[in-house]
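Structure first, then comments.
2 protein chains.
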Amino acid sequence: MELSLKIKMNEKLFLRNPEESELGRKIIQHSIILIHKIGLEAFTFKKLAKEISTTEAGIYRYFENKHRLLIYIVEWYWSWQEYRLIFQTNNIKNAETRLKKAIRLISTPIEDDVTTSHINENLLYEIVMSEGAKSFLTKHVTEDNKAKLFKPYKDLCARIAGIILECNPKYKYPNSLSITVIEMAHSQNYYAKHLPSLTDFGNSKDESKIVSYLEDLVFSSIKV
Amino acid sequence: MELSLKIKMNEKLFLRNPEESELGRKIIQHSIILIHKIGLEAFTFKKLAKEISTTEAGIYRYFENKHRLLIYIVEWYWSWQEYRLIFQTNNIKNAETRLKKAIRLISTPIEDDVTTSHINENLLYEIVMSEGAKSFLTKHVTEDNKAKLFKPYKDLCARIAGIILECNPKYKYPNSLSITVIEMAHSQNYYAKHLPSLTDFGNSKDESKIVSYLEDLVFSSIKV
DNA sequence: TTTAATAAATAGTAATACTATCATTAAAAA
DNA sequence: TTTTTAATGATAGTATTACTATTTATTAAA
Numbered sequence: 001m002e003l004s005l006k007i008k009m010n011e012k013l014f015l016r017n018p019e020e021s022e023l024g025r026k027i028i029q030h031s032i033i034l035i036h037k038i039g040l041e042a043f044t045f046k047k048l049a050k051e052i053s054t055t056e057a058g059i060y061r062y063f064e065n066k067h068r069l070l071i072y073i074v075e076w077y078w079s080w081q082e083y084r085l086i087f088q089t090n091n092i093k094n095a096e097t098r099l100k101k102a103i104r105l106i107s108t109p110i111e112d113d114v115t116t117s118h119i120n121e122n123l124l125y126e127i128v129m130s131e132g133a134k135s136f137l138t139k140h141v142t143e144d145n146k147a148k149l150f151k152p153y154k155d156l157c158a159r160i161a162g163i164i165l166e167c168n169p170k171y172k173y174p175n176s177l178s179i180t181v182i183e184m185a186h187s188q189n190y191y192a193k194h195l196p197s198l199t200d201f202g203n204s205k206d207e208s209k210i211v212s213y214l215e216d217l218v219f220s221s222i223k224v
Numbered sequence: 225m226e227l228s229l230k231i232k233m234n235e236k237l238f239l240r241n242p243e244e245s246e247l248g249r250k251i252i253q254h255s256i257i258l259i260h261k262i263g264l265e266a267f268t269f270k271k272l273a274k275e276i277s278t279t280e281a282g283i284y285r286y287f288e289n290k291h292r293l294l295i296y297i298v299e300w301y302w303s304w305q306e307y308r309l310i311f312q313t314n315n316i317k318n319a320e321t322r323l324k325k326a327i328r329l330i331s332t333p334i335e336d337d338v339t340t341s342h343i344n345e346n347l348l349y350e351i352v353m354s355e356g357a358k359s360f361l362t363k364h365v366t367e368d369n370k371a372k373l374f375k376p377y378k379d380l381c382a383r384i385a386g387i388i389l390e391c392n393p394k395y396k397y398p399n400s401l402s403i404t405v406i407e408m409a410h411s412q413n414y415y416a417k418h419l420p421s422l423t424d425f426g427n428s429k430d431e432s433k434i435v436s437y438l439e440d441l442v443f444s445s446i447k448v
């Protein structure tokens, strides 16, 4: 059996669906590679076009601008994470076990669980870590939010918040705690790598310590 | 008695010290106003120059580029926060009381405690909330970090981590918890304002709820 | 086969992010 | 007082970015 995961993205994110053509998929694939390599600031449609032997205008036919493309790949990532979470916690009755699994999943990227064709989830994880926040830290968040562009992110947050509530129905801040864990899972990894004195994980790259920290944080808070 | 707080900034941040001239102070003052108004992306030295009736080249004599200017104002803010923390927790013996004070301080901006001349701390707080992370989310973090540009941020983190350790010397993640609180103090406020479903604070703008959440988070973790 | 739609290639524009030059003014040193 | 220095101001110029528009080529349906 050969599986191919296809995530349906919000149509407002693109002008032409990149999943439906060879060029479109190449745009996604190589924008991930290129943003990872040179960073969002230096990334331009012209450079991307060169990489995949098309023209700048060719890419503009798919995406309005690079910020929309960023939201596209970041939200694709969150959808993918929610899918992984659903898949991997399926059939686990115990809410605490599921919560632990969730924490582990969002803190440690690799473990390729499904072949998602042209998208390199590892690079994408690092992009989300270092560029992800930029997708909503703009003057037009409110509009973008109204257009439901951040739905996957909010869905994942709500799902983990749901598990938190299952563990302790009386806990008062499930959403805030959920987003705290999601954010910290990424930013603690970023700090460990680039600004280690902001963490207690040295340069050890030891992700299991980050998992321990987040588990401790969450389970202390909800007191189970 | 008239006090005027002057924070000494890392010299690598500027080409000419903006604190030492009328023009320099105007650059700082109006860059805060303008970034707050139109956002970092739309902010340019040309527009700033127009605001303060000087030329683009005039601003380039003070700052290499807008990213350095961003780091300057963001790190000024962290220095100012550390100053406030030291000042306001002075003479408080009890570590827990100090920690609570610290949480309250970084979560609620206003309470003008000192007249810092040309800098509007309120606007600055909102800039740090929405643009602050961009100062280190770049491809050149490592260099910038080596140049000690982020020292004020790291100092504040270390100071709060210190208080955490005073409360519980055995707690294993003082730095991570400290930076979690600092970050969340800002991003939960940002979410409450722009993406409320990611928090439990509705649109109520009720900062005291954020304080309660963060207090709960911290004191549950360190278990005192 | 013609026509209509789709995509690719080329060209062009306004704005951005700078750098360089030179003139003016004001303050400090000789 | 004159001279020197330093800061500012004014002007111009460049490469790149972020687009838009037009034309040309390709393919698909009538």
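Residue numbers (this note's numbering), protein chains in the order written: chain P, 1 to 224; chain R, 225 to 448. Beta carbons: idealized from backbone N, C-alpha and C, even for Gly.
_9 Å is my cut-off, CB to CB: does Gln312 of chain R come that close to chain P?_
For Gln312 of chain R, no Cβ of chain P is located within less than 9 Å of the residue's own Cβ.
_Check whether chain R comes within 9 Å of Ala133 of chain P, counting only Cβ atoms and requiring the distance to be less than that._
Taking CB atoms only, Ala133 of chain P has a neighbour in chain R less than 9 Å away.
*Consult DSSP for Gly263 of chain R and reduce its assignment to one of helix, strand or coil.*
In the three-state DSSP reduction, Gly263 of chain R falls in the coil class, being neither helix nor strand.
_So, does the segment 421-439 of chain R touch the segment 337-357 of chain R, judging by three or more C-beta pairs under 8 Å?_
For the pair of segments examined, the segment 421-439 of chain R was found not to touch the segment 337-357 of chain R: the number of CB pairs separated by less than 8 Å stays below three.
*asked:* Strictly under 9 Å for the Cβ-Cβ distance: is Leu198 of chain P near chain R by that measure?
replied: Nearest CB-CB separation between Leu198 of chain P and chain R: below the 9 Å threshold.
*Could you say which of R:Val405, R:Asp368, R:Thr332, R:Trp300 lies nearest to Glu243 of chain R if we only look at CA atoms?*
Closest in alpha carbon position to Glu243 of chain R, among R:Val405, R:Asp368, R:Thr332, R:Trp300, is R:Trp300.
*Start and end of the alpha helix (DSSP H) containing Asn145 of chain P?*
Following the DSSP letters along the chain, one finds Asn145 of chain P inside the alpha helix (DSSP H) bounded by residues 141-146.
*Secondary structure at Leu229 of chain R, three-state DSSP: helix, strand or coil?*
Correct three-state label for Leu229 of chain R: coil.
_Quick check: is any heavy atom of the ligand NAP less than 8 Å from the C-beta of Ile388 of chain R?_
Inclusion of the ligand NAP in the displayed structure is not the case, the ligand content being empty and no account of it being possible.
*Run the CB neighbour count on Phe136 of chain P, radius 10 Å, all protein chains shown included, and call it buried at 16 or more, exposed below.*
Phe136 of chain P is classed as buried because its beta carbon has at least 16 other beta carbons within 10 Å across all chains shown.
*What are the boundary residues of the alpha helix (DSSP H) that Leu195 of chain P is part of?*
No alpha helix (DSSP H) contains Leu195 of chain P, which DSSP labels as neither H nor E.
*What does Met184 of chain P reach in chain R if we use C-beta pairs closer than 9 Å?*
What Met184 of chain P touches in chain R: Ser400, Ile403, Thr404, Glu407, Met408.
*Is the CB of Trp247 of chain R under 9 Å away from at least one CB in chain P?*
Checking the sequence shown, residue 247 of chain R turns out to be Leu, not Trp. By the rule that beta-carbons nearer than 9 Å mark a contact, Leu247 of chain R does not touch chain P.
*Status (buried if at least 16 other CB within 10 Å, exposed otherwise) for Phe87 of chain P*: Here Phe87 of chain P is exposed, its C-beta having fewer than 16 other C-beta atoms within 10 Å.
*asked:* In this structure, how does DSSP classify Arg240 of chain R when only helix, strand and coil are distinguished?
replied: Correct three-state label for Arg240 of chain R: coil.
_For Glu126 of chain P and His36 of chain P, believed in contact at Cβ under 8 Å, the rounded distance_ = With 8 Å as the limit, His36 of chain P and Glu126 of chain P qualify as a contact, their Cβ atoms being about 6 Å apart.
*Give the DSSP-derived three-state secondary structure of Ile316 of chain R in the structure shown.*
DSSP places Ile316 of chain R outside both helix and strand once states are collapsed to three, so it counts as coil.
*asked:* As a quick exercise: from R:His364, R:Ser445, R:Asp430, R:Phe443, pick the residue whose alpha carbon is nearest that of Ser331 of chain R.
replied: Restricting attention to R:His364, R:Ser445, R:Asp430, R:Phe443, the CA atom closest to the CA of Ser331 of chain R is found in R:Asp430.
*Grouping DSSP H, G and I as helix and E and B as strand, with all else coil, what is Ile28 of chain P?*
Correct three-state label for Ile28 of chain P: helix.
*Measuring alpha carbon to alpha carbon, tell me which of R:Tyr414, R:Thr313, R:Ser255 ends up nearest Lys139 of chain P.*
If we check each option's Cα against that of Lys139 of chain P, R:Tyr414 comes out closest.
*asked:* Along the chain, where does the alpha helix (DSSP H) containing Pro269 of chain R start, and where does it finish?
replied: Reading off the sequence, residue 269 of chain R comes out as Phe, not Pro. First-last of the alpha helix (DSSP H) with Phe269 of chain R: 269-275.
*Given that a residue counts as buried once 16 or more other Cβ atoms are within 10 Å of its Cβ, and exposed if not, what is Lys6 of chain P?*
In this structure Lys6 of chain P is exposed. Its beta-carbon is surrounded by fewer than 16 other beta-carbon atoms within 10 angstroms.
*Could you tell me the boundaries of the alpha helix (DSSP H) in which Asn346 of chain R lies?*
Going by DSSP, Asn346 of chain R is part of the alpha helix (DSSP H) stretching over 345-355.
*Apply the 10 Å Cβ neighbour rule to Ala409 of chain R and answer buried if 16 or more other Cβ atoms are within range, or exposed otherwise.*
Counting Cβ neighbours within 10 Å, Ala409 of chain R comes out buried, since at least 16 surround it.
*Taking C-beta pairs closer than 8 Å, name the residues in chain R that Asn145 of chain P reaches, listed in chain order.*
What Asn145 of chain P touches in chain R: His418, Leu419.
*So, do the segment 245-255 of chain R and the segment 275-283 of chain R have three or more beta carbon pairs nearer to each other than 8 Å?*
Under the Cβ criterion (8 Å, minimum of three pairs), the segment 245-255 of chain R counts as touching the segment 275-283 of chain R.
*Do the CB positions of Leu217 of chain P and Ser445 of chain R come within less than 9 Å of each other?*
Contact annotation: Leu217 of chain P and Ser445 of chain R have beta-carbon atoms nearer than 9 Å.
*How about Phe43 of chain P and Ser53 of chain P: are their beta carbons less than 9 Å apart?*
For Phe43 of chain P and Ser53 of chain P, no; Cβs fall outside 9 Å.
*Work out the CA separation of His67 of chain P and Val141 of chain P for me, nearest whole Å.*
If I take the Cα positions, the gap works out to 12 Å.
*Please confirm whether Ala102 of chain P and Glu166 of chain P have their CB atoms less than 9 Å apart.*
The Cβ atoms of Ala102 of chain P and Glu166 of chain P lie no closer than 9 Å to each other.
*asked:* Quick check: what's the CA-CA separation for Tyr83 of chain P versus Ile316 of chain R?
replied: Roughly 49 Å between the two C-alpha positions.
*Extent of the continuous alpha helix (DSSP H) run through Glu431 of chain R*: From DSSP, the alpha helix (DSSP H) with Glu431 of chain R extends over 431-446.
*Which chain P residues sit within Cβ distance under 9 Å of Ser354 of chain R?*
Simply Leu137, Thr138, Lys139, Val141.
_Short of 7 Å in beta carbon distance, which residues of its chain neighbour Phe348 of chain R, apart from the five on each side in sequence? Order them along the chain._
A quick correction: the sequence has Leu, not Phe, at residue 348 of chain R. Non-local C-beta neighbours of Leu348 of chain R in its own chain, meaning closer than 7 Å and more than five positions away in sequence, comprise Ile256, Ile297, Tyr301, ordered along the chain.
*For the putative contact between Ser402 of chain R and Ala385 of chain R, defined by C-beta atoms under 8 Å, what is the C-beta separation to the nearest angstrom?*
Cβ atoms of Ser402 of chain R and Ala385 of chain R come within 8 Å of each other, at about 4 Å.
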